[in-house]
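The structure appears right after this line, and notes come after that.
Number of protein chains: 2
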Amino acid sequence: MVIGILGGGQLAKMFAQAAQRMSFRVKVLDPTPECPASAVAEQMIGSFKDPETIFKFAQGCHVLTLDIEHVEVEILYELEGKIKIIPSPRIISLIQNKLMQREFLAKANLPTPSFKKLKDPSQLPLLLPVVQKAIHGGYDGRGTVILKSKEDLFKALTVPSFVEEYLELAKELSVIVVRNEEGQTVVYEVSEMVFHEEGNLLDYLICPARIEKSLEKEAKELALEVVRALQGVGIFAIELFLDRNGKLYVNEIAPRPHNSGHHTIEACYTSQFEQYVRVVTGLPLGSAALRCPAVMFNLLGEEGYFGKPLYEGLPEALSLPGVYVHIYGKKETFPFRKMGHVVVLGQSIEEALDKAFKIKKVLKVKGELKK
Amino acid sequence: MVIGILGGGQLAKMFAQAAQRMSFRVKVLDPTPECPASAVAEQMIGSFKDPETIFKFAQGCHVLTLDIEHVEVEILYELEGKIKIIPSPRIISLIQNKLMQREFLAKANLPTPSFKKLKDPSQLPLLLPVVQKAIHGGYDGRGTVILKSKEDLFKALTVPSFVEEYLELAKELSVIVVRNEEGQTVVYEVSEMVFHEEGNLLDYLICPARIEKSLEKEAKELALEVVRALQGVGIFAIELFLDRNGKLYVNEIAPRPHNSGHHTIEACYTSQFEQYVRVVTGLPLGSAALRCPAVMFNLLGEEGYFGKPLYEGLPEALSLPGVYVHIYGKKETFPFRKMGHVVVLGQSIEEALDKAFKIKKVLKVKGELKK
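Chains as they are written, first to last, in our numbering: chain F, 1 to 371; chain C, 372 to 742.
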C-alpha cells in the first residue's frame, strides 16, 4: 500500500518511519527540496497548494493524508470517492477557517471562548482586553495576538479576523483523540502545554498534565465529544484552555499528528504516528496508555543564527538516561524555527522536568551564519 | 555525517531508522535490488564480498559498519586508518572463522564447549554424540549439526569443520553488550532464547530470562568479559549455553545488532540500534534498562509458500495492546525465511507469552506461489 502525504515536514517524517516499520510505502509532496521527510521517503517536489500537482501526486497513492492543513482543498473534494482521503476534505475546510471552526463548536454546544467576527478594526479599542485571530492561515502561534491594552494595538492584525474573549488561563491542555472508519476511538492522556512567552510557541509539554483526576476525565470526555461532533476519521489534537475558575474551553482542533503528541513515540504503547498509520491503512487502533511520565520540548533555532544548522550539546544531553533527541534534518535554521524536539522520560514528572531543564541549558541549535 | 553499512537487510533497516531520528545519513551496500534497508536509506547495488565495490562504497562515508559479518575483510584492513570501521576488521576476521573464535575464547580462559578441529571426517562415528560446526559461513542455524547417533551421520557437514562437546542444555541465553571507543560499556538484561526444533531458528525470545538473580549476574559479567577480552568497539550479542548443571558457556559472538535484541526497540530505554548509532557517531551510550517484560518472535515464511509475500492476521494481531509488528519488506518469501518479527510487551512474562501465543496462531506470512 502506498500512502501519500501532502507536506513533507517533521510530522510526515515521523509518520513515514512508523509506516515503514510495517513496510507501507510513503510518498510526500513538498515544495522544498530535501524536506525533512525526504530523508526517509520518496519526495515529489511540488506545491500542495496547486490543484494539478496534487492531482498528479495522488496517482499511484492508495490513500492521501497531510502533515499540514493549509493545502488546496477544492481538488481534494474532486478526488474524494476515487481515493481515500484522511482527514476528509470537509474537515480540512472547517479547520482552515478558524471562524467556521469556532462556529462549529458553538453550534455543537461545546464550550469555546465567546467570539465574534471583527467587521470594523476601529472597534478594537472598545473590546480590550481581547484576543484577535486571523481567520485563515494561522500556524504555530502566527495569526493570534493578545491585545490587553491600547499599547498593544500596534500588534493588531490587518487580515480578515475575529475576536474572542480574553480568558485568564490557569493552564493550556491538549488531548489527542484517534477515530477510525469503524468509529473505534482511543484517547491519550491529557498533556499540559507551557508556552514560550515571546514566540507564542510551545516551550515544554508535560504528560500527564498536573491536574486533578476529575478534570482529567472531563478534558478527555470533552475532546472525545469534539471528535464525535466532527464525525472525524483520523487523529485529532484538541487544544483546551483551563481558566482560573476550573472551566474548560475548546481552543483549537488540529486534524493530524500534533506537536503536543510527540512524546507518545517513547512514552505511550502506541505513538500518535503509528495510530495514524493504523487509521489510514484500516488496521485496528492500538493502546494509547502512557507507559511513564514524560516531558517534551522543541529544539528551536537560537536567536541570531541562520544557515546550515549546528547542533551543540548533543553528547551532554544523551549522557542522561531516558532522553530521546529527534533532529528533523531541516537544511536551514532561523530564530525560533522548529528544528527538532527532545523527549525526556522519568519515574516522576519532577525527575523528567529536572532532566529536561538540564538539557535545555546545553542543547542548542546554532547556525553557520550569525547576524 | 554519513554512515555506510555493508549489507542492507533488516538490521540495516532498523539501524537506519534509529540514525535518521537524529538526521544522520545512511547508505547501504547490498547486491539485492530493493533490499529491506533500501525502503528507508540510499542503496548502492553491489556485492559486499567484492573489494573494489566496497572501496567505491566507502568513498563519501564517514564511518563503515555492517549488518552481516560475511563481508570481504581484506579491503577493510586497507581502508582502516583512512575511515572509521566498527567493528574492526580484526574482530570481523575472528568472527568469520568459528574455530578461531573458539580458540580465542579458550585462550582468554572464558568457558566454552571443548572443541577440536575435525581433520578426518571418518572419525565422526567415534565422537558421538557431538556437535559439528562449519568453520566458515555459518548463519541462522546453517552450518551447525547435532549428531547424536549413527543415524544422524547422513547430516554430517562436508566442508572444513570442527567438533565440540554435545551439552545437555537447560537454556540458551543471550546478552547484548555495547562498548564505545572510550571503553564505556552497557549490558542489557539477559534474554532467553527458545529454538524451533526443526529449522534451528529462534522460535521466541523472553526478556528477562527466567533464571535466578545470581545466574543473571553471572551471565552479564561473562558477556562483558568476552567483549573486554575482544577489546571490541561496537555492539555484541553474546550467545550463552546454560547446561543442566547450571554452568554457563560462551557459544557464539555476533559483532552487530542481533535478532536476540530486537525487543530492545520497544522494551528498553535505548534500543540496540540506537546504541550502535551512538557508538559509530561517537555519542555517549544510553541506558540499557528494561522498561517491562517482553516476548519477541520471528515472522518466518510459512512452509509451502514462495514469491511475493502475503501477510495474514495483521488486524487480529494489532487488536491486542502492546503488540509491535515489524515487516522487513523482503520482496520474496520462502519457507523459514525471516520476513519480520513481533514484539509483545506485558506487565508480566506470562501475560506477554500468552498474547504472543495467540498472535503466532493467526499471523502468517504466506506467498503468491504455493508449492
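Note that CB positions come from ideal geometry on N, CA and C, so glycine has one too.
Q | Contact list for Arg392 of chain C against chain F, beta-carbon separation under 7 Å | A | His326
Q.
On a Cα-Cα basis, can you pick out the residue from C:Asp401, C:Ala387, C:Arg392, C:Met393 that is closest to Gly378 of chain C?
A. Nearest of C:Asp401, C:Ala387, C:Arg392, C:Met393 to Gly378 of chain C, Cα basis: C:Asp401.
(Q) Nearest by alpha-carbon distance to Leu290 of chain F: which of F:Ile265, F:Phe334, F:Met44 is it? (A) F:Ile265
**Q.** Within chain C, the residues that Tyr381 of chain F reaches when beta carbons sit closer than 9 Å
**A.** No statement about residue 381 of chain F is possible, as the shown extent of chain F runs from 1 to 371 and does not include it.
Q | Partner residues on chain F for Ala410 of chain C, Cβ-Cβ distance less than 8 Å | A | Gln20, Ser23, Arg25
(Q) At the level of alpha carbons, what is the spacing between Ala12 of chain F and Ser114 of chain F? (A) 34 Å
Q: Check the DSSP bridge columns for Asn622 of chain C and list the partner residues they point to.
A: None, per the DSSP bridge assignment.
Q.
For Cys406 of chain C, would you say it is in contact with chain F, using Cβ-to-Cβ distances shorter than 9 Å as the test?
A. no
Q: Run down chain C in chain order and give the residues with a C-beta less than 9 Å from the C-beta of Arg291 of chain F.
A: The answer, in chain order, is Arg662, Cys663, Leu716.
Q. When DSSP labels each residue in this structure, what does Gly355 of chain C get in the three-state scheme?
A. One cannot answer for residue 355 of chain C here, as it falls past the ends of chain C, which runs 372 to 742.
(Q) Short of 6 Å in beta carbon distance, which residues of its chain neighbour His697 of chain C, apart from the five on each side in sequence? Order them along the chain. (A) Closer than 6 Å at Cβ, skipping near neighbours: Gly711, His712.
Q) What is the DSSP secondary structure of Ile462 of chain C, counted as helix, strand or coil? A) The answer is helix: DSSP assigns Ile462 of chain C an H, G or I state.
Q | CB contact below 9 Å: Leu94 of chain F versus chain C | A | The Cβ of Leu94 of chain F sits no closer than 9 Å to any Cβ of chain C.
**Q.** Any C-beta of chain C under 9 Å from that of Val323 of chain F
**A.** yes
Q) Short check: CB of Met385 of chain C to CB of Pro628 of chain C, under 9 Å? A) yes
Q: Could I get the ranges of all uninterrupted alpha helix (DSSP H) runs contained in the segment 204–259 of chain F, with 4 residues as the minimum, in chain order?
A: 213–230
Q: Under 9 Å between beta-carbons, which chain C residues line up against Gly8 of chain F? List them in chain order, please.
A: Simply none; closest approach about 14 Å.
Q) What is the DSSP secondary structure of Met296 of chain F, reduced to helix, strand or coil? A) In the three-state reduction of the DSSP assignment, Met296 of chain F falls in the strand class, which pools E and B.
Q) How close, in whole Å, do the beta carbons of Lys98 of chain F and Lys133 of chain F come, if the pair is a contact with beta carbons under 8 Å? A) 6 Å
**Q.** Coil, strand or helix - Gly8 of chain F by DSSP
**A.** coil
Q | Whether Ile547 of chain C touches Gly632 of chain C by CB criterion (9 Å) | A | Going by C-beta atoms, Ile547 of chain C is nearer than 9 Å to Gly632 of chain C.
Q | Backbone CA spacing between Thr351 of chain C and Gly678 of chain C [nearest angstrom] | A | Residue 351 of chain C lies beyond the residue range present for chain C, which begins at 372 and ends at 742; the question has no answer from this structure.
Q. So, is Lys701 of chain C buried or exposed, given that buried needs 16 or more other C-beta atoms within 10 angstroms?
A. With 16 or more Cβ atoms within 10 Å of its Cβ, Lys701 of chain C is classed as buried.
Q. Going by Cα to Cα distance, which pick from F:Ala219, F:Val227, F:Phe357 is closest to Tyr249 of chain F?
A. Here the closest residue by C-alpha is F:Ala219.
Q. How far does the alpha helix (DSSP H) with Gln503 of chain C in it reach, from first residue to last?
A. Counting along the chain, Gln503 of chain C falls outside any alpha helix (DSSP H), though it belongs to the beta strand (DSSP E) covering 501–505.
Q: Measure the CB-CB distance between Leu540 of chain C and Glu563 of chain C and report whether it falls below 9 Å.
A: no
**Q.** CA nearest to the CA of Val279 of chain F, picked from F:Ile238, F:Val233, F:Glu252, F:Tyr311
**A.** Ranking F:Ile238, F:Val233, F:Glu252, F:Tyr311 by CA distance to the CA of Val279 of chain F puts F:Val233 first.
Q. Would you report the Cα separation of Glu69 of chain F and Glu239 of chain F, rounded to the nearest angstrom?
A. 16 Å
**Q.** Beta-carbon contacts of Val362 of chain F that lie in its chain and below 8 Å, excluding the five residues immediately before and after
**A.** Glu312, Gly313, Glu316, Ala317
(Q) Let's see if you can read the secondary structure: which residues bound the alpha helix (DSSP H) around Glu552 of chain C? (A) It is not in any alpha helix (DSSP H) - Glu552 of chain C carries neither H nor E in the DSSP assignment.
Q. Can you name the residues of chain C whose CB is closer than 7 Å to the CB of Leu283 of chain F?
A. Near Leu283 of chain F (Cβ distances below 7 Å), the residues of chain C are Leu685, Pro686, Leu689.
Q: Let me know if Lys117 of chain F comes out buried or exposed under the rule of 16 or more other beta-carbons within 10 Å of its beta-carbon.
A: Exposed, since its Cβ has fewer than 16 Cβ neighbours within 10 Å.
(Q) Which same chain residues end up closer than 7 Å to Gly323 of chain C when comparing Cβ atoms and leaving out the 5 residues on each side of it in sequence? (A) Chain C is shown only over 372 to 742; residue 323 of chain C falls outside these bounds and no answer can be derived.
(Q) Counting beta carbon pairs with one atom in the segment 296–306 of chain F and one in the segment 220–227 of chain F, are three or more of them shorter than 8 Å? (A) no
Q) Going straight from the alpha carbon of Glu592 of chain C to that of Leu476 of chain C, what length do you get? A) One Cα belongs to Glu592 of chain C, the other to Leu476 of chain C, and the distance between them is close to 15 Å.
Q | Glu536 of chain C beta carbon less than 9 Å from that of Val502 of chain C | A | yes
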